[in-house]
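Undergrad:
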Amino acid sequence: MSTPRIILCPGQGAQIPGMGKAWCDASPEARAVFDAADRILGDRLGAPLSRLCFEGPADRLNQTDASQPAIYVASVACWRGLLARASMGNGELPLAATAGLSLGEYTALHIAGAVSFEEGLELVTLRGRAMQDAAEASPGGMIALVGATDDQAREVCDAARGSDVLVCANFNAPGQVVLSGHKVACERAAKSAEAMGLRSAMLPVAGAFHSPLMAPAAERLGAALA
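To convert, note that position 76 of the sequence shown is 78 in the working numbering; the numbers rise steadily by one, no gaps.
1. So SER52 is in the beta strand (DSSP E); what residue range does that whole segment cover?
2. Tell me whether ARG46 sits in a helix, a strand or coil according to DSSP, three-state version.
3. Where DSSP assigns a beta bridge to ARG7, which residues make up the other side?
4. Would you mind working out which of ARG129, PHE211 and THR127 sits nearest LEU168, comparing C-alpha positions?
5. Comparing alpha-carbon positions, which option in ALA161, ASP166, GLY177 and ARG163 lies nearest ASP152?
6. What's the C-alpha gap between ASN64 and VAL207?
7. Just mark PRO12 as buried or exposed, buried being the case when its beta carbon has 16 or more other beta carbons within 10 Å.
8. Comparing alpha-carbon positions, which option in ALA197, SER140, ALA171 and GLY142 lies nearest ALA161?
9. I need the DSSP call for PHE173, collapsed to helix, strand or coil.
10. Leaving out five residues on either side along the sequence, give the residues of the same chain with a beta carbon under 6 Å from the beta carbon of LEU103.
11. As a quick exercise: from CYS170, GLY48, GLN17 and SER194, pick the residue whose alpha carbon is nearest that of VAL180.
12. Could you work out which residue in SER182, CYS159, ILE9 and LEU223 is closest to CYS80 when comparing CA atoms only?
13. Check whether the Cβ atoms of PRO71 and THR127 lie closer than 8 Å to each other.
14. Does DSSP put GLY70 in a helix, in a strand, or in coil?
15. Between which two residues does the alpha helix (DSSP H) containing VAL126 stretch?
16. Considering only DSSP beta bridges, list what LEU1 is partnered with.
17. Using a Cβ-Cβ cutoff of less than 7 Å, which residues in the same chain neighbour ILE16 once the five nearest sequence positions on both sides are dropped?
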């Protein structure tokens, strides 16, 4: 028997034009996932989801309402392709666990069998739209601090916050903490980090995710899940 695997699913920021295209070309099972997504979503994104994944443009794919369903579908297509490849080799791909980062939790729930593909797609599409609306109402961003201890990240956050919203949103790993909040506060955080000898990088996301600025989106998604 094959060793059980742990499947980790990516969150927003992983999107890039061309994602999923190789799997789509190589695997009928992966292609079927994109076909199903195109049928379910129709023109809700302004273009077929498969076209956005394969061709972009990047600025549209980076918008939250597009990137969230796109990452979910590309991730599921990759998983279905992997399953088919294991089956063709008379092998198995048993799972010990699934997990995901933020948006990736929805992909992990589907792979684990907790929600259907269609349910997951509708949820992440609603989530993306709600978060896009919240981001447009309160322009914000996220900035990763590289090489910072947790205490240093909090110090940068406190120094840069001012009267705006800025929080330590994600403690991803030792030496990598992500701040989230108003865009001007993120810009101040970059300067504060540089003054402390820390590296920083703005994340390719459209809003201040995992911060209080997303409260309106949380309310909309909560109502849908109730």
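Using N, Cα and C, we set each Cβ at its ideal position, and we do this for glycine too.
TA: Once the coordinates are examined:
1. If you number the sequence shown from 1, residue 52 lands on position 50. Looking at the DSSP string, SER52 is not in any beta strand (DSSP E); the run it does join, the alpha helix (DSSP H), is 51-57.
2. Within the sequence shown, residue 46 is the residue found at index 44, counting from 1. ARG46 falls in the coil class under three-state DSSP.
3. Here residue 7 refers to the residue found at position 5 of the sequence shown. According to DSSP, ARG7 bridges with LEU97.
4. Indexing the sequence shown from 1 puts residue 168 at position 166. Of the candidates ARG129, PHE211 and THR127, the one whose C-alpha sits nearest the C-alpha of LEU168 is PHE211.
5. Locating residue 152 in the sequence shown gives position 150, where the first residue counts as 1. Closest by alpha carbon: GLY177.
6. In the sequence shown, residue 64 corresponds to position 62, counting from 1. In the sequence shown, residue 207 corresponds to position 205, counting from 1. The alpha-carbon atoms of ASN64 and VAL207 are separated by roughly 7 Å.
7. By one-based count along the sequence shown, residue 12 stands at place 10. Flag for PRO12 reads buried.
8. Stepping through the sequence shown from its first residue, residue 161 is reached at position 159. Checking every option, the nearest Cα to that of ALA161 belongs to ALA197.
9. The residue you call residue 173 lines up with position 171 of the sequence shown. It is a strand residue.
10. Along the sequence shown, one-based indexing puts residue 103 at 101. Taken in chain order, the residues that qualify are GLY13.
11. Stepping through the sequence shown from its first residue, residue 180 is reached at position 178. Minimum Cα distance to VAL180 is reached at CYS170.
12. Sequence index remark: in the sequence shown, residue 80 carries index 78 (1-based). If we check each option's Cα against that of CYS80, ILE9 comes out closest.
13. Walking along the sequence shown from the start, residue 71 turns up at place 69. Walking along the sequence shown from the start, residue 127 turns up at place 125. Yes, they are a contact pair.
14. Within the sequence shown, numbered from 1, the residue matching residue 70 stands at position 68. Per the sequence shown, residue 70 should be read as Gln rather than Gly. Three-state DSSP puts GLN70 in a helix.
15. Indexing the sequence shown from 1 puts residue 126 at position 124. Start and end: 119-139.
16. Because residue 1 is not part of the residues shown, which for the chain are 3 to 228, the question remains open.
17. For this step, residue 16 is matched to residue 14 along the sequence shown. With the sequence shown as reference, residue 16 is identified as Ala, and Ile is not the correct amino acid for it. Answer for ALA16: ILE73, listed in chain order.
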